[in-house]
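Participant:
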Amino acid sequence: MEGKAGDQAALDELLQRAREAARHAYAPYSNFRVGAALRLTSGAIVTGTNVENASYGLTVCAERTAVAQAVVKFGPEIRIAEVAVTNLNHAASPPCGACRQVLAEFIEPDAPVAFATADGVRVMPFRELLPEMFEKRRG
Ligand code: THU
214 MEGKAGDQAA LDELLQRARE AARHAYAPYS NFRVGAALRL TSGAIVTGTN
264 VENASYGLTV CAERTAVAQA VVKFGPEIRI AEVAVTNLNH AASPPCGACR
314 QVLAEFIEPD APVAFATADG VRVMPFRELL PEMFEKRRG
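Start counting the sequence shown at 214; every next residue gets the next number (the working numbering).
1. Spell out the partners DSSP gives Leu-195 in its beta bridges.
2. For Gln-282, which residues of its own chain have a beta-carbon under 6 Å away from its beta-carbon, when the five flanking residues on both sides are left out?
3. What residue does the beta strand (DSSP E) around Val-336 start on, and which one ends it?
4. Check this for me: beta carbons of Leu-224 and Ala-305, under 7 Å apart or not?
5. Do Ala-218 and Ala-294 have their C-beta atoms closer together than 7 Å?
6. Return the first residue and the last residue of the alpha helix (DSSP H) that Phe-319 is part of.
7. Does DSSP put Thr-330 in a helix, a strand or coil?
8. Are there three or more Cβ pairs, one per stretch, closer than 8 Å when the stretch 331-349 is compared with the stretch 307-316?
9. Compute the minimum distance between the beta carbon of Ser-255 and the heavy atoms of the ligand THU, and state whether it is under 6 Å.
10. Along the chain, where does the alpha helix (DSSP H) containing Leu-228 start, and where does it finish?
11. Sort Gly-270, Phe-245 and Thr-254 by Cα distance to Pro-325 and report the nearest one.
12. Just mark Leu-271 as buried or exposed, buried being the case when its beta carbon has 16 or more other beta carbons within 10 Å.
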């Protein structure tokens, strides 16, 4: 199914893809298994999962592996139209601050960002998740 960013069906599909990605998490230290899915403006969906490290601080979040995967696959001109983040731990997983800044580089300001909450899913436009973002290229 190829939905349009913002549609309920498209969002459900993106959340499902994020859940599937979370199954590949490398999270032996936290056991917190996160999955992220990005819908690009081209319609392509790219996923990521968290990859932890024994040094802890070198851990990479699901959102950031998804962004890297999107650039590797489709090149530096990608734009993100919609994001979904979830986890297999029945917990909330809003994107962390570092991931918001990394998403900012490629995302449309009004792109819906859906993330798991303790009891469901919350959807917010990206610009509300990271107002007054640091930007060099634009603005
Ligand atoms: N994590 C993510 O994958 N995304 C976030 O936005 C926040 C945290 C991961 C990092 C680590 O592997 C685990 O969740 C626990 O912090």
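Think of the CB as a built atom: it goes at the ideal place given N, C-alpha and C, for glycine as much as any other residue. Since this is a predicted model, take the numbers as computed values, not measurements.
Facilitator: This is what the structure holds:
1. This structure cannot speak to residue 195, because the chain is shown only from 214 to 352.
2. The beta carbon of Gln-282 sits closer than 6 Å to the beta carbons of Val-259 and Gly-261 from its chain, once the five residues preceding and following it are set aside; these are given in chain order.
3. 333-338
4. no
5. Closer than 7 Å, so yes.
6. Element bounds for Phe-319: n/a, residue is neither H nor E.
7. strand
8. yes
9. no
10. 221-235
11. If we check each option's Cα against that of Pro-325, Thr-254 comes out closest.
12. exposed
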